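With full-length UniProt numbering, letter number 142 in the sequence shown gets 142, and the count goes up by one each step, no holes.
Inspection log for the structure reproduced underneath, given as structure tokens.
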Amino acid sequence: MYENLIAVAEECSLEARCNEDSLNIKLPHSPISLHFEKVSETTLFGAFYLRTNSWNWPGERSDLNDILSMLVAMFFAETGTASCALMDVPHPAAYVPSGEVYARYILLSQPSNGYFHVQGESFPEAEKLIHKLLLLEYFLHQAISPHLSQEELESLVDWEEIEVWGRRVMKVLGGLANESEDTYNIRNPPRWKYYRCAGADISIIQSDQVSDIFDFLWSIGERKLIQGVTGNIVLRDGLFNFTPSEDVDQLGFLLKKLAGVSDLGELRVMPLENCLVTASQGFVLFLGSSSGRRAFDGEKDRVFLRHQDEAQFLFPADSYVWAERVDGERFESLVYDLLVREPGVTKVRTVGHANERDGGRDHIAAWHTPPQAGGHAVGENYPIARAREVVIQCKALNRTVGKRHVLDIRDTLDQYDAEGYLLVAMGNVGTSAIGYLEALRRKGDYFTDWWGCSEIEHRLRRNPDIVKRYSDIVTVVSH
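Take a look at the structure:
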């Protein structure tokens, strides 16, 4: 199934290696590769892997792995290719400071969550991405040369200068800094000073070179900003992101203290799927943030409630009206039909009882799930998208589903020997339930997710034929 992709890679002078279940495409002169995994005969999962090596770069390389992976994600965002999430690969050593970045997965969260589907006998979207690797490699070479001279490889940075830099940033960060866990460095070349605060998920770079790269990418990107309730909605060529005001304010506060200025003017903030990037006064800051599609959907709902008259601008022409009373078994059938169409799902079966008042019957899905923020990290030489048995619980309630409705999740997972859980609610999923699911993700090696009304409607728009079969549950209203 990889023949066409291998041919495209070879046409682009890229190295391609494959086995029965995966294909790896390596950029010849950059520390990055594109990895495809077989989900089914018609679906692939793709993600990037980046790790620098000691042959090309001296010293501890957290700064390189962090900055280069961020530049790749920024490149894809501002060229309208993908909104990427960055996931750290755990260090193989027993213990290292949490601020060290051993390697990174760069996940293609939008537009299709990393899934590529066959059309005819090829994967056209995957082929487009492979062609774009040539432009990516050219960009990386123009931004930061990957080849150092022997003199540059053997050059040493003054440790006293590094300590002065580290102390300066610690003073700015205050209680956020942790001397034993954070990492900092000065490198020349490339020319930068770097500090990584793991506890607050903040990276600080002082570098005219990296700042110029931000300026260039910002200049080529096309974006539309819509002022929301708790931040700004950002639209870029089919990519949907969000910049939370609270996080933007934190970036501005840190930049002012670092640069020693009282006014930065209008701050330029570039959202990725799980990070915000900004640059000013020769500094570039990365801040972990809820800034992807899910955050966009949440802010879109808040804007809709505040400004009904803006709905036609922000939303598709059609909207959905849900019945006040819904038969639980019919709702479960609707969810089943949506799951069959969900990327990464290869099989769905129904279990449990259909006579519970809230529509509590379960589905079990064989699902290739991508890594999640806050979940267990994916190590080297492991599949990036993991095949799991996922329990899906349906709640046909027209009120908010809270934690009290999902307290038996662990028992349910044990009952079905499952490694994942999806909550699907006809109404909204409350913050208490979301917090509970995120905590379960952090504490155990589980995939957890939730679909509320907005997430279901998003899938109905992709599958209008399904809506027609469930007019007793949801109807389309044209404006």
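Where a beta carbon is used, it is the ideal one built from N, C-alpha and C, also for glycine.
Because the structure is a prediction, the values reported are computed rather than measured.
- A Cβ-Cβ distance of about 29 Å is found for the pair His405 and Ala385, leaving them out of contact under the 8 Å criterion.
- Cβ atoms of Ile392 and Ala366 stay farther apart than 8 Å, at about 12 Å.
- Ranking Leu287, Gly231, Glu266 and Asp263 by CA distance to the CA of Asn274 puts Leu287 first.
- Taking 8 Å as the upper bound for CB-CB distance, Val467 and Val477 are not in contact here, some 11 Å apart.
- Cβ contact annotation for Glu15 (same chain, cutoff 6 Å, sequence separation greater than five): Lys26, in chain order.
- The shortest CA-to-CA distance from Val321 to any of Ile32, Ser454 and Leu422 is the one to Ser454.
- By the neighbour-count criterion, in which 16 or more other beta carbons inside 10 Å mark a residue as buried, Ala439 falls on the exposed side.
- Apart from the 5 residues on each side of it in sequence, Ile130 sits with its Cβ closer than 6 Å to the Cβ of Val8 and Ala9 in its chain, given in chain order.
- In this structure the region 250-269 does not touch the region 322-332; the number of beta carbon pairs closer than 8 Å is below three.
- In the three-state DSSP reduction, Ile162 falls in the helix class (H, G or I).
- In the displayed model, Arg306 falls within a helix according to three-state DSSP.
- Between Ile186 and Glu160, the gap from beta carbon to beta carbon reaches 8 Å or more.
- In this structure Tyr195 is in contact with Gly166, their Cβ atoms being roughly 7 Å apart against a cut-off of 8 Å.
- Taking all protein chains shown into account, Asn241 has 16 or more neighbouring C-beta atoms within 10 Å of its C-beta and is therefore buried.
- Going by DSSP, Cys275 is part of the beta strand (DSSP E) stretching over Cys275 to Ser280.
- In this structure, the CA atom of Asn56 is about 31 Å from the CA atom of Pro370.
- Taking 3 residues as the shortest admissible run, the region 37-94 contains the following complete beta strand (DSSP E) segments, listed from N- to C-terminal end: 43-50 and 83-89.
- Between Ser211 and Gly282, the CB-CB gap stays under 8 Å.
- Between the C-alpha atoms of Leu64 and Ile205 there is a straight-line separation of about 11 Å.
- For the UniProt domain "Restriction endonuclease type IV Mrr" (324-439), the full-length alpha helix (DSSP H) segments reaching 4 residues or more read 328-341 and 409-416 along the chain.
- When Thr243, Val234, Asn4 and Ala279 are compared, the shortest CA-CA separation from Leu217 is found for Ala279.
- When DSSP reads this structure, Tyr195 sits in a beta bridge with Tyr184 and Ile204.
- Lys224 and Met270 have their C-alpha atoms spaced approximately 12 Å apart.
- One alpha carbon belongs to Lys38, the other to Leu50, and they sit about 20 Å apart.
- Approximately 5 Å separates the beta-carbon atoms of Gly99 and Glu181; this is inside 8 Å, confirming the contact.
- Comparing alpha carbon positions, the residue from Asn24, Ser109 and Val72 closest to Gly344 is Ser109.
- Per DSSP, His117 lies in no alpha helix (DSSP H) segment; the continuous beta strand (DSSP E) that holds it begins and ends at Tyr115 to His117.
- Contact between the region 285-304 and the region 418-426 is absent: fewer than three C-beta pairs spanning the two stretches fall below 8 Å.
- DSSP places Glu15 within a strand segment (E or B) once states are collapsed to three.
- In the three-state reduction of the DSSP assignment, Pro464 falls in the helix class, which pools H, G and I.
- Looking at the DSSP output, Thr230 shares a beta bridge with no other residue.
- The beta carbons of Thr183 and His117 sit about 40 Å from each other, so the pair does not count as a contact at 8 Å.
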